[in-house]
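Worksheet: the structure to be examined is printed underneath.
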Amino acid sequence: MKSNERYEIRFSGSGGQGIITAAVVMADAVGSFDNKHVCQTQSYGPEARGGKSKAEVVISNAPIDYPKALSVDLLLAMNQAACDAYFSDIKSDGLLVVDGGLVQQLPTSRSVSIPFTQIAIEQIGRELVANMVALGAVGYLSGQVSLKGLEQALLSRVPKGTEKMNSEALQAGIEEAKKIDLDSLPRSVLSEWDDEF
Amino acid sequence: MESSENQKKVLLQGNEAIVEGALAAGCRFFAGYPITPASEISEILSVKLPELGGTFIQMEDEIASMGAIIGASLAGVKSMTATSGPGFSLIQENLGYGCITEVPCVIVNVMRGGPSTGLPTSPSQGDVQMARWGTHGDHPIIVLAVSSVSDCFSVTVKAFNLSEKYRIPVIILSDEVVAHTRESVTLPTTEQIRVFDRVKPDVPPEWYKPYADNNRGVPDMAALGDGYRHHVTGLIHDDRGYPTQDAQEIEKFLGRIHGKISKGFQDIMVIKTHLMEDAEIFVIAYGSVARSALRAVRDARELGIKAGLVQLVTLFPFPRKNVDIYLRQCRAVIIPEMNMGQMSREVSRINQADCRIVKHNKINGQLITPDEILKHLTTV
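From first to last, the protein sequence lines stand for chains E and S.
Under the numbering used here, the first residue of the first sequence carries the number 68, and numbering increases by one thereafter.
Under the numbering used here, the first residue of the second sequence carries the number 30, and numbering increases by one thereafter.
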């Protein structure tokens, strides 16, 4: 990363999916453990559950002026509505990461589809930790955070007694992401001419 | 803010940093009523204050909260409340009492969309003029604005210091974006922070005149229970604190409480400047919008435009001398605000330099983006 460049991640889904928590852990890992500049913002509706939920993490080697995302490097969409709403904010060489079980219609083939919620249920036994599975994948695919720092940040932020479950979820996400070959994806989220015959 | 090797960086929210700043400045009493987007301040203080031997009270409403912090401060304890729009309306009742009785205290208003219950989870800057004029009568007040997590810490310390030094309620205006943005910051240690405590009387109790003038215009303040006679009233009062109708005494009293702030102008009025040395066009901004403005100014510089930023930390008293310099230097000023133009009218009021003033107002609950400001910088 050049000194003044930003890397921007947007976590999105619906209220109750742990979107903001995932972003906070990511920001803590980058800021407190990797010692980079980081700014984490969020927007949410007045509802406690349901409704749109969005959280952003801006990472830079220099102090951050505008705290929100300007053009998104990595978009995590935990449901179809979030994918549809925010896809257009991704920069052309950015990356879309979706929960494969909950997002069926992909607007680009430059995307990574992993069934985070299904993995949480089947491997960890709790749907609740789907956000941490997703965080593991986002952390790995972004290349912006040390995975050790990510785990340390997670352990310092989750409720006592849930450390094991959460850290297993994180590892499951990292392992899934390792199977992805980013180089095999198209270089741009924008469509190119394709003869229809 | 100074940082050193052995101090660890922490990820803090704006609201958390306000708590840390308040505690560092010596705040040991909080009374409030929870409200989005200010609730974290109450929530965290309800845990931290008792640990430090301080007091946290959840009151029945914000009228009572303001009354409680005035009472605590009169008893000698640095005190604070925090609220948002609807609660800030209720605060106004007793805020005037705090001004006339010259009681140091800090009020945090995390601005959200209004009027009324408005937009609880969205940012706004709609309470700026209210912070200045919300309580009735000509009254002196200090209003400061925060724009980042580190600001939230340092401006809160400053707010307590000013309130103690000038015996006056100080309002901190934050907004939903600043309040809920998390950033990695290194907080200064206790030794690095300058803390000002109110001056107590050193005369024998029988000589004490609680509202007597001195060279600072700020009377020494005894705590209730210290053994000094101390009559406190919302009526205009004489040197002893008793109600007066005498025209000379009224003029002397009101002259002094306004004058003490004028005397402290240099100390009270604070701005931050970015890239202003050779600027030909500049932005005046405060709160979260100042961050959008800084980005816009940097982008404009990349395009070869000599742009700069004046970030207001003190909103009131309006830092007219500091701003006037740049109105004379530049051909135009852009004033982006998440309201209909509440600070731009202050700039217009003092503009004697034919500097072109361009307002940019947004009231849809969304933060102003750098691009919106950049558009003005490239076309004006």
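No residue lacks a Cβ here, since even glycine has one placed at the ideal position from N, Cα and C.
These figures come from a predicted structure and were not determined experimentally.
CB contact flag (residue i, residue j, <8 Å)
i, j, result
"E212 (chain S)", "V178 (chain S)", "yes"
"P365 (chain S)", "E306 (chain S)", "no"
"L137 (chain E)", "S79 (chain E)", "no"
"G246 (chain S)", "K292 (chain S)", "yes"
"V212 (chain E)", "A90 (chain E)", "no"
"V139 (chain S)", "A111 (chain S)", "yes"
"R116 (chain E)", "G168 (chain E)", "no"
"I126 (chain E)", "V139 (chain E)", "no"
"L216 (chain S)", "E69 (chain S)", "no"
"H259 (chain S)", "Y271 (chain S)", "no"
"L119 (chain S)", "P198 (chain S)", "no"
"V326 (chain S)", "H303 (chain S)", "yes"
"A236 (chain E)", "I191 (chain E)", "yes"
"V92 (chain E)", "G98 (chain E)", "no"
"G203 (chain E)", "A244 (chain E)", "yes"
"F189 (chain S)", "G55 (chain S)", "yes"
"C359 (chain S)", "I310 (chain S)", "yes"
"F294 (chain S)", "I170 (chain S)", "no"
Cross-strand partners of residue i (DSSP beta bridge)
i, result
"V39 (chain S)", "S:V214"
"M109 (chain S)", "S:F59 and S:V135"
"G167 (chain E)", "Answer by DSSP bridge pairing: none, since G167 (chain E) is not bridged."
"K388 (chain S)", "S:I364"
"L140 (chain S)", "A small fix is needed here, since residue 140 (chain S) is Met in this sequence, not Leu. DSSP lists S:D204 as partners of M140 (chain S)."
"Q109 (chain E)", "E:A122"
"T84 (chain S)", "S:F58"
"Q340 (chain S)", "S:K301 and S:A314"
"Y74 (chain E)", "E:I126"
"L162 (chain E)", "E:L141"
"H104 (chain E)", "E:S127"
"V199 (chain S)", "S:V135 and S:I171"
"G394 (chain S)", "Note: G394 (chain S) sits in no beta bridge, so no partner."
"S81 (chain E)", "E:K119"
Partners in chain S for residue i, counting only beta-carbon separations shorter than 9 Å
i, result
"Q109 (chain E)", "H209, T210 and R211"
"A94 (chain E)", "L40, R211, E212 and S213"
"N102 (chain E)", "K38 and S213"
"S99 (chain E)", "K37, K38, V39, L40 and S213"
"P113 (chain E)", "T65, L148, P149 and T150"
"V105 (chain E)", "L40, R211, E212 and S213"
Beta-carbon neighbours of residue i, restricted to chain S and to distances below 7 Å
i, result
"Y133 (chain E)", "R320, S321, R324 and P399"
Chain S contact residues for residue i, given Cβ-Cβ distances below 8 Å
i, result
"V91 (chain E)", "L40 and R211"
Proximal residues of chain E, C-beta to C-beta of residue i below 8 Å
i, result
"V261 (chain S)", "Here the premise fails: no neighbours, minimum Cβ distance about 40 Å."
"R417 (chain S)", "Absent from the structure is residue 417 (chain S), since the part of chain S shown begins at 30 and ends at 409."
"V199 (chain S)", "Residues of chain E passing the Cβ test: none, with the nearest at roughly 25 Å."
Where residue i meets chain C, residues with beta-carbon distance less than 7 Å
i, result
"L396 (chain S)", "The structure shown contains no chain C; the protein chains it does contain are E and S."
Distance cut-off 7 Å: residue i Cβ against heavy atoms of the ligand SAH
i, result
"M95 (chain S)", "In the structure on display, the ligand SAH does not appear, and there are no ligands present to speak of."
Cross-chain neighbours of residue i in chain E, by beta carbon under 9 Å
i, result
"V137 (chain S)", "The contacting residues do not exist; V137 (chain S) stays about 19 Å from chain E at best."
Exercise. Inspect the CB distances between the region 196–212 of chain S and the region 35–52 of chain S and report whether three or more fall short of 8 Å.
Key: yes
Quiz item: What runs of the beta strand (DSSP E), each 3 residues or longer, lie entirely inside the region 46–77 of chain S?
Solution: 58–61
Self-check item: Secondary structure, beta strand (DSSP E): runs of 3+ residues fully inside the region 261–304 of chain S
Solution: 300–303
Exercise. Determine, using beta-carbon pairs with one atom in the region 114–134 of chain E and one in the region 75–91 of chain E, whether at least three such pairs fall under 8 Å.
Key: yes
Quiz item: Is the region 51–61 of chain S touching the region 89–105 of chain S, taking contact as three or more C-beta pairs under 8 Å?
Solution: yes
Self-check item: Complete beta strand (DSSP E) runs within the region 167–238 of chain E (minimum length 3 residues, chain order)
Solution: 178–181
Quiz item: Is there contact here, the region 127–135 of chain S with the region 162–170 of chain S, by at least three beta-carbon pairs under 8 Å?
Solution: yes
Practice problem: Say whether the region 109–124 of chain S touches the region 138–152 of chain S, bearing in mind that this needs 3 or more beta-carbon pairs closer than 8 Å, one atom from each stretch. | Solution: yes
Quiz prompt | the region 388–399 of chain S contacting the region 150–159 of chain S, beta-carbon criterion three pairs below 8 Å | solution = yes
Self-check item: alpha helix (DSSP H) runs wholly inside the region 114–186 of chain S, at least 4 long, in chain order
Solution: 114–129 and 157–162
Quiz prompt | Contact the region 324–344 of chain S vs the region 376–391 of chain S: 3+ CB pairs below 8 Å | solution = no
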